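Undergrad: For the sequence shown, the residue numbers in this note's numbering are 12 to 112. Handing you a structure now.
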Amino acid sequence: MYAAVPLICIPDENPNDQKYNTAIVENLGLGIWVERENIAEQIFEAMYKVLHEYFPEHEKQYEIDTSINFIENAQKHKDKIRHQESQRTKFLRNVEYVINN
12 MYAAVPLICI PDENPNDQKY NTAIVENLGL GIWVERENIA EQIFEAMYKV LHEYFPEHEK
72 QYEIDTSINF IENAQKHKDK IRHQESQRTK FLRNVEYVIN N
């Protein structure tokens, strides 16, 4: 998300963290979860859904949920990631808070 590029996620079957992270990505509107079943068709459809925002003039071949703007969502989260305070700063701020209260 640092580069503000929408994601097409294909989580591995075993690690649950990949499925969890992919669910978060999809829930935030940052990308699309692609199942391994019929993977070629699903990847093509996911790419079309993401790329139609870059090339809206092309004929729509798939039903697209236009309420999700992957590019806009990715840009918002990129800014959050780039401007978040460091772990060290958060830690020191919390230690200072505990000492003072």
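Beta carbons: idealized from backbone N, C-alpha and C, even for Gly. Fair warning: this is a prediction, and the values are worked out from it, not measured in the lab.
1) When you compare only the Cα positions, how much space is there between K91 and L39?
2) Indicate the three-state DSSP secondary structure (helix, strand or coil) for L39 in the structure shown.
3) Among all the DSSP beta bridges, which residues are the ones paired with I19?
4) Going by beta-carbon coordinates alone, are R47 and I19 separated by less than 8 Å?
5) Excluding the 5 residues preceding and the 5 following N105 in the sequence, name in chain order all residues of the same chain whose CB lies nearer than 8 Å to its CB.
6) From K30 to N49, what distance separates their C-alpha atoms?
7) Does the distance from the CB of A121 to the CB of Q98 come in under 8 Å?
8) Roughly how many angstroms lie between the CA atoms of F102 and Q53, to the nearest whole one?
9) Check whether the Cβ atoms of L41 and N84 lie closer than 8 Å to each other.
TA: Checking against the coordinates, here is how it stands:
1) Those two C-alpha atoms are separated by around 13 Å.
2) In the three-state DSSP reduction, L39 falls in the coil class, being neither helix nor strand.
3) According to DSSP, I19 bridges with I43.
4) Not a contact, by the Cβ cut-off of 8 Å.
5) Cβ neighbours of N105 beyond the five flanking positions: none.
6) In a straight line, the C-alpha of K30 is about 18 Å away from that of N49.
7) Missing from the structure shown is residue 121; the chain here goes from 12 to 112 and no further.
8) Straight-line Cα distance between these residues: approximately 43 Å.
9) Yes. Within cutoff.
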